[in-house]
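2 protein chains.
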Amino acid sequence: MDFVVEHLKDHGIRPSVQRVAIMRYLMEHCSHPTVDDIYRDLHAMMPTLSRTTVYNTLSLLEGKDALSVLTIDSRNVHYDGDVKPHAHFMCRECRRIFDVPLAGTGLNGSPATPDGFKVEHTHLYYDGLCDRCREEEDAALAKETYFI
Amino acid sequence: MDFVVEHLKDHGIRPSVQRVAIMRYLMEHCSHPTVDDIYRDLHAMMPTLSRTTVYNTLSLLEGKDALSVLTIDSRNVHYDGDVKPHAHFMCRECRRIFDVPLAGTGLNGSPATPDGFKVEHTHLYYDGLCDRCREEEDAALAKETYFI
DNA sequence: TTGTAATTTTGTAACGATTTCAAATTTATA
DNA sequence: TATAAATTTGAAATCGTTACAAAATTACAA
Numbered sequence: 140m141d142f143v144v145e146h147l148k149d150h151g152i153r154p155s156v157q158r159v160a161i162m163r164y165l166m167e168h169c170s171h172p173t174v175d176d177i178y179r180d181l182h183a184m185m186p187t188l189s190r191t192t193v194y195n196t197l198s199l200l201e202g203k204d205a206l207s208v209l210t211i212d213s214r215n216v217h218y219d220g221d222v223k224p225h226a227h228f229m230c231r232e233c234r235r236i237f238d239v240p241l242a243g244t245g246l247n248g249s250p251a252t253p254d255g256f257k258v259e260h261t262h263l264y265y266d267g268l269c270d271r272c273r274e275e276e277d278a279a280l281a282k283e284t285y286f287i
Numbered sequence: 140m141d142f143v144v145e146h147l148k149d150h151g152i153r154p155s156v157q158r159v160a161i162m163r164y165l166m167e168h169c170s171h172p173t174v175d176d177i178y179r180d181l182h183a184m185m186p187t188l189s190r191t192t193v194y195n196t197l198s199l200l201e202g203k204d205a206l207s208v209l210t211i212d213s214r215n216v217h218y219d220g221d222v223k224p225h226a227h228f229m230c231r232e233c234r235r236i237f238d239v240p241l242a243g244t245g246l247n248g249s250p251a252t253p254d255g256f257k258v259e260h261t262h263l264y265y266d267g268l269c270d271r272c273r274e275e276e277d278a279a280l281a282k283e284t285y286f287i
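Chains as they are written, first to last, in this note's numbering: chain A, 140 to 287; chain B, 140 to 287.
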């Protein structure tokens, strides 16, 4: 069976054409797309797809834990079809989001939440500058210093 | 000197009346307020304060690292005047945000980001159910089971 | 099959958070 | 005191998201 359909069924979601298309998009793109990225790309291939369906489907998938919601970017929610534990890094300049392996962070699964709290998800985010934007900033700073 | 004014100066920010009021609000409220929380409460005391000033000031404070921006909630950005390292938990039901000590999480400061990346901030978020909402959900589930 | 109910999708309109922008005000400086 | 620079303000515009009711599709029972 198609791995996307299987993934949906595993999470108790009936695999409609639209749901499969959206889930497949997420599983085949590791770019952490926004709602608009998903809508634009899929709409080009399925002209009848509506923005509302993308919103509806993403929140359905979220509720069934079939995807991961990234809130690292305050401007846009991003989605990740890879639900295996990993961290993320966002560049404050180009705003691209990168996967970061958890290995090395030391993170383990037991936060000191108050008694009675039920932890369902953990998100580890980093932000700063990616290599490319860091070079640009360094160059700009050097130039600035030169002219002072 | 007033600790709020001092905090602003330490971060290279000129302490205008509005900036001090907003920074003080953040430092005296550990409730992780939204822009609207801040505006509503301060506007009641300073009727001339505008929403735009709250937005402007918060992004100025953010750029100077005088506060911490919490993106844990996809619906609203929250702000934290406490810039000492700590994690956060958001209840998916009541959407309240709680501070969580880092001790016990094992987190250390060296993620395996690609070469050349500059990590500037780390955010550790948990979500799930708080004690109060968990009890309510358990009660609702018990009732449901009973009637089936 | 056929009819009926349940589910899903769609498009429009409304909503709410945030940004833009230019004018007004305040503060710093010569 | 005059002038420039910085800051604040309010209105309008923008953009992401939600609400909602109609249309289309799918599931199921007769």
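Glycine included, C-beta positions come from ideal geometry on N, C-alpha and C.
query: Under 8 angstroms by beta carbon: chain B residues contacting tyrosine 194 (chain A); result: What tyrosine 194 (chain A) touches in chain B: nothing, since even the nearest Cβ is about 12 angstroms away.
query: Under the three-state DSSP convention, the category isoleucine 236 (chain A) falls into; result: strand
query: Chain A within 7 angstroms of valine 222 (chain B), Cβ atoms only; result: no
query: Threonine 261 (chain B), buried or exposed, once every other Cβ within 10 Å from all chains shown has been counted against 16; result: buried
query: Pairwise C-alpha distance: isoleucine 236 (chain B) and leucine 268 (chain A); result: 28 angstroms
query: Closer than 6 angstroms: threonine 252 (chain B) CB and nearest the ligand MN heavy atom; result: The ligand MN is absent from the structure shown, which contains no ligand whatsoever.
query: Local Cβ density within 10 Å of alanine 160 (chain A), reported as buried at 16 or more and exposed below that; result: buried
query: C-alpha gap between glycine 243 (chain B) and alanine 226 (chain B), whole angstroms; result: 11 angstroms
query: Chain-order list of residues whose beta-carbon lies under 6 angstroms from that of serine 207 (chain A) (same chain, five-residue window excluded); result: Asp219, Val222
query: Proximity winner among B:Met140, B:Thr196, B:Leu209, B:Glu145, relative to proline 172 (chain B) (alpha-carbon distances); result: B:Leu209
query: Proximal chain B residues relative to isoleucine 211 (chain A), where beta-carbon distance stays under 7 angstroms; result: Thr210
query: Phenylalanine 256 (chain B) (DSSP reduced to helix, strand or coil); result: coil
query: Limits of the alpha helix (DSSP H) - the one that leucine 165 (chain B) falls within; result: 156-167
query: Any C-beta of chain A under 7 angstroms from that of arginine 273 (chain B); result: yes
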